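Residue numbers (my numbering): 5 to 458.
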């Protein structure tokens with residue numbers, strides 16, 4: 005079982021058995037999208053001061069004894085500041101000032117009595133040794149309404165040692181390393197001008213959230229860092245990612261089951277494995293994916309461009325209304341992929357087709373250069389063929405010795421309009437990407453792709 009699939013199981017368990025601290029509904033919350041949009045939530049932070057305080061600015065150094073010496077643990081000062089802020093009915097701001105801090109772990113629980121803003125101005129570093137962690141959490145925010153995070157600061161996962169120990173591509177019982185930041189069950193949240201780097205596993209995991217926006221968000225991981233998705237989304241409604249830069253060793257953005265009404269606009273992606281929906285169908289009871297719009301992005305030197313993937317012999321599921329438009333590809337190995345025979349490391353049954361139904365999909369105005377001859381691959385399920393697929397104004401150029409670029413299609417009859425380079429579905433598929441550790445292409449750096457669980 006791949007890393008994403010294991011995380012999916014954990015995420016489902018979190019949904020089924022959430023924290024015993026339940027968020028209570030509030031009235032008239034403002035939509036996320038600006039620092040002023042954080043609407044208040046009722047209830048108290050775990051361990052919050054009874055009665056609360058008066059809000060205002062809480063400096064973890066000046067008021068709570070934190071030290072920017074890379075040795076003193078920030079955990080307790082941050083937790084103390086959080087308790088005070090979360091217990092206040094008035095808006096509160098927690099400031100982590102300039103400097104470099106060591107943080108062993110942080111679990112910030114809601115619901116809170118008023119809106120909380122965390123201003124990260126410095127650099128926060130995780131312990132580099134993954135054996136320090138007893139689970140896959142480093143920074144975890146839970147059950148919060150009306151939350152903002154900004155400040156230009158950095159979360160540094162110091163993941164190099166973990167990458168060298170990652171064997172999840174061949175070991176189904178592998179150890180899951182910590183995710184840099186988990187946003188679980190947040191409503192009306194705005195995260196902007198924050199950097200996450202060198203995560204040991206995913207940089208960001210979004211689970212059970214509603215109306216959460218990332219803007220001017222930066223992810224920086226090297227190409228060889230395994231399973232370090234930039235932003236992974238699952239079972240969330242109303243996720244927006246704007247004007248951000250993501251460089252990583254896996255998917256820049258990945259969408260799991262239950263992702264609904266997701267908008268991605270103005271993203272620079274690469275290196276990495278592109279922008280992916282799925283993989284879907286691995287587990288029973290997966291929720292539908294619907295309402296995905298990926299626009300105005302540039303994808304550079306990646307293993308894949310835009311991709312939808314589901315497992316063969318899968319559980320039933322659906323994914324619909326997925327639209328990719330105005331995408332520039334620069335030396336991308338597989339710019340456009342629908343892969344319903346996704347089977348990394350041959351860990352599945354290719355004899356039975358996927359039972360995930362894909363419908364209402366469009367690829368429009370996708371242009372640039374492909375690093376491989378097969379620029380467009382549409383491999384739909386033999387049992388549940390794709391419906392409502394449209395390709396318009398596709399212009400992908402390949403200049404390799406075995407050129408020009410081609411497309412391959414199976415179990416799909418797409419609607420075509422505008423320029424079609426390469427000619428779409430001009431010939432039946434002769435190969436499938438299924439059964440490989442990702443598409444069978446070398447990464448842009450010339451190394452074999454590490455992607456086995458994308």
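Ideal Cβ positions, reconstructed from N, Cα and C, are used throughout, including at glycine.
Quantities reported herein were computed from a predicted structural model and do not represent experimental measurements.
Our contact map puts residue 340 next to residue 370 with C-beta atoms below 8 Å; I'd like the distance itself, whole angstroms only.
For the purposes of this step, residue 340 is taken as the residue at position 336 of the chain shown. For the purposes of this step, residue 370 is taken as the residue at position 366 of the chain shown. Yes, they are in contact, since the Cβ atoms of residue 340 and residue 370 sit about 6 Å apart, within 8 Å.
Measure how close the beta-carbons of residue 372 and residue 333 come, nearest whole angstrom, since I'm counting them as under 8 Å.
Within the chain shown, numbered from 1, the residue matching residue 372 stands at position 368. Within the chain shown, numbered from 1, the residue matching residue 333 stands at position 329. 3 Å between Cβ atoms; contact.
From which residue to which residue does the alpha helix (DSSP H) around residue 424 run?
Residue numbering aside, residue 424 sits at position 420 when the chain shown is read from its first letter. Unbroken run through residue 424 is the beta strand (DSSP E), 419-425; no alpha helix (DSSP H).
With a threshold of 16 other CB atoms inside 10 Å of the CB of residue 166, please say whether the residue is buried or exposed.
Along the chain shown, one-based indexing puts residue 166 at 162. Classification for residue 166: buried.
Of all the beta strand (DSSP E) runs that stay within the bounds of the region 144-200, which reach a length of 3 or more residues?
158-160
Taking only the alpha-carbon atoms, compute the straight-line gap between residue 367 and residue 378 and give it to the nearest angstrom.
The sequence position of residue 367 within the chain shown is 363, counting from 1. The sequence position of residue 378 within the chain shown is 374, counting from 1. Whole-angstrom Cα-Cα distance: 16 Å.
Is residue 107 helix, strand or coil when you go by DSSP?
Looking up residue 107 in the chain shown gives position 103. Of the three classes helix, strand and coil, the one that applies to residue 107 here is coil, per DSSP.
Please return the same chain residues whose Cβ sits closer than 6 Å to the Cβ of residue 445, not counting the five positions on each side in sequence.
Position 441 of the chain shown, counted from the first residue, corresponds to residue 445. Only weak support is given to the placement of residue 445: the predicted model assigns it a pLDDT of 27, under 50, and the value that follows is read from those uncertain coordinates. Excluding sequence neighbours, residue 445 sits near 337 and 376.
In this structure, how does DSSP classify residue 385 when only helix, strand and coil are distinguished?
Position 381 of the chain shown, counting from 1, holds the residue named residue 385. Residue 385: coil per DSSP, three-state reduction.
Report the rounded CA-to-CA distance for residue 382 versus residue 426, giving the unit in angstroms.
As a working note, residue 382 is residue 378 in the chain shown. As a working note, residue 426 is residue 422 in the chain shown. Roughly 13 Å separates the two Cα atoms.
With distances taken between CB atoms, is the gap from residue 134 to residue 187 smaller than 9 Å?
Along the chain shown, read from residue 1 onward, the residue named residue 134 stands at position 130. Along the chain shown, read from residue 1 onward, the residue named residue 187 stands at position 183. One thing to note: residue 134 has its Cβ no nearer than 9 Å to the Cβ of residue 187.
Once DSSP output is grouped into helix, strand and coil, what is the label at residue 323?
Working through the chain shown from its first residue, we reach residue 323 at position 319. Correct three-state label for residue 323: strand.
Using a Cβ-Cβ cut-off of 6 Å (strictly less than) and excluding sequence neighbours within five positions of residue 74, which residues of its own chain qualify?
Your numbering for residue 74 matches position 70 in the chain shown. The answer, listed in chain order, is 104 and 106.
In three-state DSSP terms, what is residue 88?
Along the chain shown, read from residue 1 onward, the residue named residue 88 stands at position 84. Three-state DSSP puts residue 88 in a helix.
Below 8 Å on the Cβ atoms is my contact criterion, and I expect residue 125 with residue 102 to pass it. Report the Cβ-Cβ distance as a whole number of Å.
By one-based count along the chain shown, residue 125 stands at place 121. By one-based count along the chain shown, residue 102 stands at place 98. So it is a contact: roughly 5 Å between Cβ atoms.
Tell me, to the nearest whole angstrom, how far the beta carbon of residue 325 is from that of residue 295; I am working on the premise that it is less than 8 Å.
The residue you call residue 325 lines up with position 321 of the chain shown. The residue you call residue 295 lines up with position 291 of the chain shown. With 8 Å as the limit, residue 325 and residue 295 qualify as a contact, their Cβ atoms being about 5 Å apart.
Could you please give the first and the last residue of the uninterrupted beta strand (DSSP E) stretch that includes residue 249?
Here residue 249 corresponds to residue number 245 of the chain shown, with the count starting at 1. Looking at the DSSP string, the run of the beta strand (DSSP E) that includes residue 249 is 249-251.
Would you please state the rounded distance, in angstroms, between the beta carbons of residue 461 and residue 285? I believe it to be under 8 Å.
What is shown of the chain runs 5 to 458, which leaves residue 461 out entirely.
What is the residue span of the beta strand (DSSP E) that residue 218 lies within?
What you label residue 218 is simply residue 214 of the chain shown in a count that begins at 1. Counting along the chain, the beta strand (DSSP E) containing residue 218 begins and ends at 214-224.
Within 10 angstroms of its Cβ, does residue 289 collect 16 or more other Cβ (buried), or is it exposed?
By one-based count along the chain shown, residue 289 stands at place 285. Residue 289 comes out exposed.
Tell me the residue span of the beta strand (DSSP E) that contains residue 239.
Residue 239 sits at position 235 when you count from the first residue of the chain shown. It is not in any beta strand (DSSP E) - residue 239 carries neither H nor E in the DSSP assignment.
My output table needs one value for residue 415: the three-state DSSP class, helix, strand or coil.
As a position in the chain shown, residue 415 is number 411, starting the count at 1. Reduced to three states, the DSSP call for residue 415 is coil.
Among 153, 128 and 149, which has the Cα closest to the Cα of residue 142?
What you label residue 142 is simply residue 138 of the chain shown in a count that begins at 1. Checked all of 153, 128 and 149; the closest Cα to residue 142 is 128.
On a Cα-Cα basis, can you pick out the residue from 213, 120 and 250 that is closest to residue 227?
Counting from 1 along the chain shown, the entry for residue 227 is found at position 223. Among 213, 120 and 250, the Cα nearest to that of residue 227 is on 250.
From 204, 195, 211 and 230, pick the residue whose C-alpha is nearest to that of residue 221; which is it?
Residue numbering aside, residue 221 sits at position 217 when the chain shown is read from its first letter. For the residues 204, 195, 211 and 230, the minimum Cα distance to residue 221 belongs to 195.
Can you give me the C-alpha to C-alpha distance between residue 38 and residue 190, rounded to a whole angstrom?
In the chain shown, residue 38 corresponds to position 34, counting from 1. In the chain shown, residue 190 corresponds to position 186, counting from 1. Confidence is the limiting factor: at residue 38 the pLDDT is only 40, short of 50, which leaves the residue's position unreliable and the question unanswerable from this model.
DSSP state of residue 231, grouped into three classes?
Mapped onto the chain shown, residue 231 falls at position 227. Note: residue 231 maps to coil in three-state DSSP.
Restricting to Cα atoms, I'd like to know which of 82, 192, 64 and 130 is closest to residue 115.
Taking the chain shown and counting its residues from 1, the one referred to as residue 115 is at position 111. Distances from the CA of residue 115 to each of 82, 192, 64 and 130 were compared; the closest alpha carbon is that of 192.
Does DSSP put residue 350 in a helix, a strand or coil?
Looking up residue 350 in the chain shown gives position 346. Residue 350 falls in the helix class under three-state DSSP.
If I measure Cβ to Cβ from residue 415 and keep anything under 7 Å in the same chain, skipping five residues before and after, which residues do I get?
By 1-based counting over the chain shown, the position of residue 415 is 411. Its chain contains 384, 385, 386, 389 and 390 as the residues whose beta carbon lies nearer than 7 Å to that of residue 415, once the 5 sequence neighbours on both sides are disregarded; these appear in chain order.
Considering Cα atoms alone, identify which of 94, 374 and 70 is closest to residue 278.
Your numbering for residue 278 matches position 274 in the chain shown. Closest in alpha carbon position to residue 278, among 94, 374 and 70, is 374.
Is DSSP giving residue 344 helix, strand or coil here?
Looking up residue 344 in the chain shown gives position 340. Coil at residue 344, not helix or strand.
Excluding the 5 residues preceding and the 5 following residue 121 in the sequence, name in chain order all residues of the same chain whose CB lies nearer than 8 Å to its CB.
Start at 1 with the first residue of the chain shown, and residue 121 comes out as number 117. Result list for residue 121: 39, 42, 95, 96, 97, 98, 151, 152, 153 and 154, in chain order.
Leaving out the 5 sequence neighbours to the left and right, which residues in its chain are closer than 7 Å to residue 197 when beta-carbon positions are compared?
Taking the first residue of the chain shown as 1, we reach residue 197 at position 193. The answer, listed in chain order, is 154, 155, 156 and 220.
In whole angstroms, what separates the C-alpha of residue 113 from that of residue 355?
Residue mapping note: residue 113 aligns to position 109 of the chain shown, counting from 1. Residue mapping note: residue 355 aligns to position 351 of the chain shown, counting from 1. Straight-line spacing of the CA atoms in residue 113 and residue 355 works out to 46 Å.
Beta carbon of residue 224, beta carbon of residue 202: below 9 Å?
Residue 224 sits at position 220 when you count from the first residue of the chain shown. Residue 202 sits at position 198 when you count from the first residue of the chain shown. Yes, the pair counts as a contact, with Cβ atoms nearer than the cut-off.
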